[in-house]
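Chemist:
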Amino acid sequence: MNYMPGTASLIQDIDKKHLVLLRDGRTLIGYLRSIDQFANLVLHQTVERIHVGKKYGDIPRGIFLVRGENVVLLGEIDLEKESDTPLQQVSIEEILEEQRVEQQAKQESEKLKVKALKQRGLSVPRADTLDEY
Amino acid sequence: QAVHTRDPPQPGGLNSSIWDSSAMLRRIRGPLLAQEMPSVSVLDYALPQRPPQSRDEERDPSERALPRRSSSPIIGSPPVRAVPIGTPPKQAAIPNFNQQILCPKPVHIRATMQQRYPAPYGERMSPNQLCNVPNSSLLGHPFPHSVSPVLTHLQRAQLLGGAQVKLLPAGRMSPSQFARVSGLVGSPLPSVNPKLLQGRVGQMMSPAGGFRAFFGAPPAPPPSQLPHPPGPGSHLQNLRPQPQMFRPDTTHLHPQHRRLLHQRQQQSRNQHRSLNGSGGDRGGHRSSHQEQIRKDPYANLMLQREKDWVSKIQMMQLQSTDPYLDDYYYQNYFQKLEKLAAAEDVHGDGPKKERTKLITPQVAKLEHTYKPVQFEGSLGKLTVSSVNNPRKMIDAVVTSRSEDDETKEKQVRDKRRQTLVTIEKTYSLLLDVEDYERRYLLSLEGERPALMGERKQKICDIYDNLRGKAPGQDRLSDDHFMQIMCIRKGKRLVARILPFLAPEQAADVLMATARNLPFLIKKDAQDEVLPCLLRPFSHVLYHLPLGTVTSLVQQLTNLPQSAAAPTNLHLTAVLQNKFGLSLLYLVLSRGEELQSSDTNTELMQDNQWTELMLMATRELLRIPQGALAKPVSIPSNLISLFSRYVDQQKLNLLETKLHLVQGIR
Numbered sequence: 002m003n004y005m006p007g008t009a010s011l012i013q014d015i016d017k018k019h020l021v022l023l024r025d026g027r028t029l030i031g032y033l034r035s036i037d038q039f040a041n042l043v044l045h046q047t048v049e050r051i052h053v054g055k056k057y058g059d060i061p062r063g064i065f066l067v068r069g070e071n072v073v074l075l076g077e078i079d080l081e082k083e084s085d086t087p088l089q090q091v092s093i094e095e096i097l098e099e100q101r102v103e104q105q106a107k108q109e110s111e112k113l114k115v116k117a118l119k120q121r122g123l124s125v126p127r128a129d130t131l132d133e134y
Numbered sequence: 088q089a090v091h092t093r094d095p096p097q098p099g100g101l102n103s104s105i106w107d108s109s110a111m112l113r114r115i116r117g118p119l120l121a122q123e124m125p126s127v128s129v130l131d132y133a134l135p136q137r138p139p140q141s142r143d144e145e146r147d148p149s150e151r152a153l154p155r156r157s158s159s160p161i162i163g164s165p166p167v168r169a170v171p172i173g174t175p176p177k178q179a180a181i182p183n184f185n186q187q188i189l190c191p192k193p194v195h196i197r198a199t200m201q202q203r204y205p206a207p208y209g210e211r212m213s214p215n216q217l218c219n220v221p222n223s224s225l226l227g228h229p230f231p232h233s234v235s236p237v238l239t240h241l242q243r244a245q246l247l248g249g250a251q252v253k254l255l256p257a258g259r260m261s262p263s264q265f266a267r268v269s270g271l272v273g274s275p276l277p278s279v280n281p282k283l284l285q286g287r288v289g290q291m292m293s294p295a296g297g298f299r300a301f302f303g304a305p306p307a308p309p310p311s312q313l314p315h316p317p318g319p320g321s322h323l324q325n326l327r328p329q330p331q332m333f334r335p336d337t338t339h340l341h342p343q344h345r346r347l348l349h350q351r352q353q354q355s356r357n358q359h360r361s362l363n364g365s366g367g368d369r370g371g372h373r374s375s376h377q378e379q380i381r382k383d384p385y386a387n388l389m390l391q392r393e394k395d396w397v398s399k400i401q402m403m404q405l406q407s408t409d410p411y412l413d414d415y416y417y418q419n420y421f422q423k424l425e426k427l428a429a430a431e432d433v434h435g436d437g438p439k440k441e442r443t444k445l446i447t448p449q450v451a452k453l454e455h456t457y458k459p460v461q462f463e464g465s466l467g468k469l470t471v472s473s474v475n476n477p478r479k480m481i482d483a484v485v486t487s488r489s490e491d492d493e494t495k496e497k498q499v500r501d502k503r504r505q506t507l508v509t510i511e512k513t514y515s516l517l518l519d520v521e522d523y524e525r526r527y528l529l530s531l532e533g534e535r536p537a538l539m540g541e542r543k544q545k546i547c548d549i550y551d552n553l554r555g556k557a558p559g560q561d562r563l564s565d566d567h568f569m570q571i572m573c574i575r576k577g578k579r580l581v582a583r584i585l586p587f588l589a590p591e592q593a594a595d596v597l598m599a600t601a602r603n604l605p606f607l608i609k610k611d612a613q614d615e616v617l618p619c620l621l622r623p624f625s626h627v628l629y630h631l632p633l634g635t636v637t638s639l640v641q642q643l644t645n646l647p648q649s650a651a652a653p654t655n656l657h658l659t660a661v662l663q664n665k666f667g668l669s670l671l672y673l674v675l676s677r678g679e680e681l682q683s684s685d686t687n688t689e690l691m692q693d694n695q696w697t698e699l700m701l702m703a704t705r706e707l708l709r710i711p712q713g714a715l716a717k718p719v720s721i722p723s724n725l726i727s728l729f730s731r732y733v734d735q736q737k738l739n740l741l742e743t744k745l746h747l748v749q750g751i752r
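These protein sequences, in sequence, are chains W and L.
For the first sequence, the residue numbers in the numbering used here are 2 to 134.
For the second sequence, the residue numbers in the numbering used here are 88 to 752.
#1: Would THR470 (chain L) pass as a contact of PRO410 (chain L) if the rule is Cβ separation under 7 Å?
#2: Consult DSSP for LEU585 (chain L) and reduce its assignment to one of helix, strand or coil.
#3: Work out the CA separation of VAL661 (chain L) and SER720 (chain L) for me, nearest whole Å.
#4: Would you verify that the beta carbon of GLU133 (chain W) is, or is not, closer than 7 Å to some beta carbon of chain L?
#5: What separation, rounded to the nearest whole angstrom, lies between the Cα atoms of GLY667 (chain L) and ILE608 (chain L)?
#6: Please list, in chain order, the residues of the region 596 to 607 of chain L that have any C-beta partner in chain W closer than 7 Å.
#7: State buried or exposed for TYR527 (chain L), treating a residue as buried only when at least 16 other CB atoms are found within 10 Å of its CB.
#8: Just reading off the beta strand (DSSP E) that PHE65 (chain W) is part of, what are its end residues?
#9: Starting from the beta carbon of ALA429 (chain L), find every residue of chain W whose beta carbon is closer than 9 Å, and list them in chain order.
#10: Short of 8 Å in beta carbon distance, which residues of its chain neighbour ILE15 (chain W), apart from the five on each side in sequence? Order them along the chain.
#11: Buried or exposed for LEU745 (chain L), please, with buried defined as at least 16 other CB atoms from any protein chain shown within 10 angstroms of its CB.
#12: Using the rule of at least 16 other Cβ atoms within 10 Å of the residue's Cβ for burial, across every protein chain shown, is PHE65 (chain W) buried or exposed?
#13: Taking Cβ positions only, does LYS382 (chain L) come closer than 7 Å to chain W?
#14: If the cut is a Cβ gap below 9 Å, which residues of chain W does TYR385 (chain L) touch?
#15: Compute the Euclidean distance between the alpha carbons of SER375 (chain L) and SER407 (chain L), then round it to the nearest angstrom.
#16: Over what stretch of residues does the beta strand (DSSP E) that includes GLN712 (chain L) continue unbroken?
#17: Since I believe ALA594 (chain L) is in contact with THR635 (chain L) (beta carbons under 8 Å), could you give me their beta-carbon distance rounded to a whole number of angstroms?
#18: Please report whether the beta-carbon of GLN122 (chain L) lies at a distance below 7 Å from any beta-carbon of chain W.
#19: According to DSSP, is TYR629 (chain L) part of a helix, a strand, or is it coil?
#20: Helix, strand or coil for VAL640 (chain L)? Go by DSSP, reduced to three states.
#21: Which term fits ASN664 (chain L), buried or exposed, when burial requires 16 or more other beta carbons within 10 angstroms of its beta carbon?
#22: Considering only DSSP beta bridges, list what VAL53 (chain W) is partnered with.
#23: For VAL450 (chain L), would you say it is in contact with chain W, using Cβ-to-Cβ distances shorter than 7 Å as the test?
#24: ARG68 (chain W) and GLU49 (chain W): beta carbons closer than 7 Å?
#25: Should ILE481 (chain L) go down as buried or exposed, given a rule of 16 or more other Cβ atoms within 10 Å for buried?
#26: Using a Cβ-Cβ cut-off of less than 8 Å, list which residues of the region 391 to 402 of chain L approach chain W; keep chain order.
#27: Distance cutoff 7 Å, beta carbons only. Does MET480 (chain L) sit that close to anything in chain W?
#28: Would you say LEU424 (chain L) faces chain W, with C-beta separation under 7 Å as the test?
#29: So, does the CB of MET389 (chain L) fall closer than 7 Å to a CB anywhere in chain W?
#30: Give me the chain C residues within the contact set of ASP79 (chain W), using Cβ-Cβ distance strictly less than 7 Å, ordered along the chain.
#31: Using the C-alpha atoms, what's the distance from ALA714 (chain L) back to HIS657 (chain L)?
#32: Reducing DSSP to helix, strand and coil, say where VAL21 (chain W) ends up.
#33: Can you pull the chain L residues whose beta carbon is under 7 Å from the beta carbon of ILE12 (chain W), in chain order?
#34: Per DSSP, which residues does HIS567 (chain L) bridge with? Please list them.
#35: Where ARG24 (chain W) and ALA40 (chain W) are concerned, what is the direct C-alpha to C-alpha distance, given to the nearest angstrom?
Spelled out as structure tokens, the structure:
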């Protein structure tokens with residue numbers, strides 16, 4: 002039942018399991034229960050999934066109300082194919098630890114980069130101080 | 088009992104729905120679906136909070152304390168006839184009636200229910216349905232305590248989960264529920280009653296939905312078949328005013344969209360029904376429903392009504408007062424697609440395919456005139472600033488500074504800003520002019536001369552803007568034009584304008600460009616946009632007579648020069664620039680064309696041209712090859728041009744230097 006030909010709508014997606022990517026980088030997986038005209042989402046039985054390398058960990062979060070503007074993309078999860086993944090699920094503690102390690106490593110490399118650039122007299126402006134366009 | 092909302096008699100009131108559950112009842116005065124509000128008391132508008140009131144019949148505002156100051160945009164706005172699109176739907180009056188009551192209603196509540204309507208599902212009727220049976224006249228007193236409140240979604244979900252429901256203390260219903268109820272009782276389908284539609288866009292779904300739920304009617308019952316319940320029903324019928332002319336505007340759905348919506352509603356209901364088996368098979372109904380609940384007990388938290396509401400908003404967003412203004416790219420894209428499809432259909436042998444199109448209907452603009460709110464029994468009117476009636480708060484006075492104060496820099500900056508403004512204004516005119524063709528096709532015969540006149544006027548204005556209209560002055564200075572040409576957007580603007588200008592005007596522009604070309608070249612070094620002018624220039628050249636062309640060459644090459652000048656900087660600059668050289672070639676080519684084709688050229692002109700050519704070729708021979716730019720294109724008749732004026736040896740030189748012979752490259 003195509004609601005409107007040529008348009009995209011979330012109405013068909015209600016009550017289905019979705020993966021939602023947010024602007025702050027989080028990945029949420031939950032059942033889409035309700036929407037509105039701004040694409041604000043109500044996610045039910047939500048789980049925040051953290052990916053590090055080939056591992057991932059799920060943190061159960063309950064009910065989420067996501068403001069529409071913070072959604073980057075979302076897509077329906079095929080329940081049959083959901084388990085068919087090369088990724089390995091680990092416990093929450095483990096994945097958080099992995100994430101922390103990854104963040105640290107990134108920060109270190111970033112620091113080195115900035116230092117090297119400074120030595121050469123160049124400076125890359127921080128992303129948050131750049132203009133949007 | 089901290090929160091009490093006022094519910095304005097108008098549809099829903101913009102703020103009431105959120106606070107419905109604990110609303111105190113307001114007596115509803117007058118017809119529910121009133122169109123006109125005679126001097127509206129501000130108290131009837133959406134003041135957010137009011138102290139509890141006694142239930143008096145008469146309300147005399149003058150006896151009250153001063154009303155609370157409201158910053159609501161509604162006061163001071165025209166009475167809202169249609170609920171704005173963003174208004175969320177009311178809480179479910181008739182939610183999914185198939186839900187199972189896991190927690191039956193306490194006895195003392197049930198006992199006071201007066202069942203006026205046949206209950207198709209018996210005890211399986213949801214509490215909300217029971218509540219909505221009106222047991223008192225809408226004109227009369229508010230509900231007695233015994234009527235149980237409407238359950239919120241949360242409570243429904245709790246019901247489902249088996250939790251005990253805590254009934255609301257006040258036990259009163261808000262008038263908004265009355266409104267819904269009235270929609271239920273004996274109301275024809277919204278599509279038949281334009282009155283209902285007009286006033287109740289946000290609640291459009293409710294009557295239809297509730298209507299079905301209540302009477303368990305077959306998919307499309309004609310209004311006449313509806314059983315009209317006795318008692319309050321007849322009251323309500325009397326209340327309804329005559330249906331008015333349905334004037335479509337941006338707050339109403341286009342008929343096709345509405346049809347789509349209703350189709351969907353029916354489909355979903357059919358699905359629902361078919362899913363649950365026949366009406367009489369209660370057992371089967373229950374089990375399949377139970378199964379659904381087991382699989383996903385939280386399904387359908389979002390009602391069909393609410394889904395329709397969201398898609399209704401989406402469809403409304405397709406309507407606009409001027410599609411070509413609001414949605415230009417989609418309109419053009421769609422037209423292209425249509426043309427392609429039409430072409431395909433013409434060629435194809437098969438039957439024409441029916442493609443569902445998404446229409447973007449054009450809707451008339453609705454004029455809102457602001458009528459200031461007037462208190463009953465007061466003198467004068469309240470003037471409140473609101474979104475529909477903006478008021479000037481600050482008197483900002485522009486003080487023009489004197490010339491002495493400004494520094495040179497500021498002057499330059501201001502001048503540049505002036506030029507930018509001119510460019511923008513001219514662009515608006517240009518877009519209008521470009522659009523005239525389409526409007527012409529859409530207009531009636533009688534309107535066309537007026538359209539043409541308008542268009543001509545706009546073109547004149549464009550030209551004036553371009554060349555710097557100065558009253559009394561005879562356009563002696565190129566300054567204004569040069570300013571425009573220094574800006575990248577200005578150059579593009581000129582390129583787009585040229586096709587619309589008269590030949591003399593276009594020639595004028597060309598001349599001005601040629602005259603100041605080195606300056607322009609210097610300024611264009613960063614943008615490199617000048618080549619965009621080549622195509623329109625060549626079109627212009629096509630229509631120019633020899634005399635103009637000659638003067639053009641003169642301007643371009645800055646010849647004849649005084650004997651004292653050692654080098655021809657002008658020409659050098661021109662030749663070293665891609666655009667300059669290409670333009671020169673174009674002009675020369677045109678001249679050659681004219682020469683060779685037209686045998687009747689005057690002798691004088693001929694001489695001028697010949698002399699000019701001789702000088703030009705001399706210069707060309709002088710310039711070192713490395714200094715030459717790479718032109719965009721080399722016209723083919725340049726060889727024949729030069730062959731007239733130089734001997735063979737020099738001709739060969741020229742050929743190699745300018746890469747005139749195609750094969751060499």
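For each residue, glycine too, the CB sits at the ideal point set by N, CA and C.
Modeler: Checking against the coordinates, here is how it stands:
#1: The criterion of a C-beta distance shorter than 7 Å is not satisfied by THR470 (chain L) and PRO410 (chain L).
#2: helix
#3: If you draw a straight line from the Cα of SER720 (chain L) to the Cα of VAL661 (chain L), it comes to about 15 Å.
#4: Since pLDDT at GLU133 (chain W) reaches only 48, below the 50 mark, its modelled position is unreliable, and the value read off the structure follows with that caveat. No, GLU133 (chain W) lies away from the interface with chain L (no Cβ there is under 7 Å from its Cβ).
#5: 8 Å
#6: Residues passing the 7 Å Cβ filter: none.
#7: Exposed.
#8: 56 to 67
#9: Correct list: empty, because the minimum Cβ distance to chain W is about 17 Å.
#10: LEU33, ARG34, SER35, ILE36
#11: buried
#12: buried
#13: no
#14: Within 9 Å Cβ-Cβ: ASP16, TYR32, ARG34, HIS45, GLN46.
#15: 44 Å
#16: Element bounds for GLN712 (chain L): n/a, residue is neither H nor E.
#17: 5 Å
#18: With a pLDDT of 45 at GLN122 (chain L), under the threshold of 50, the predicted position of this residue should be treated as unreliable, and no value is reported.
#19: Shown here, TYR629 (chain L) sits in coil according to DSSP, grouped into three states, outside any helix or strand.
#20: VAL640 (chain L) falls in the helix class under three-state DSSP.
#21: By the neighbour-count rule (16 or more Cβ atoms within 10 Å), ASN664 (chain L) is buried.
#22: W:LYS56
#23: no
#24: no
#25: exposed
#26: GLU393, LYS394, VAL397, SER398, ILE400, GLN401, MET402
#27: no
#28: no
#29: Under the Cβ distance rule, MET389 (chain L) counts among the residues neighbouring chain W, one pair being separated by less than 7 Å.
#30: No chain C is part of this structure, whose protein chains are labelled W and L.
#31: 14 Å
#32: strand
#33: LYS394, VAL397, SER398
#34: The partner list for HIS567 (chain L) (beta bridge, DSSP) is empty, contrary to what the question assumes.
#35: 14 Å
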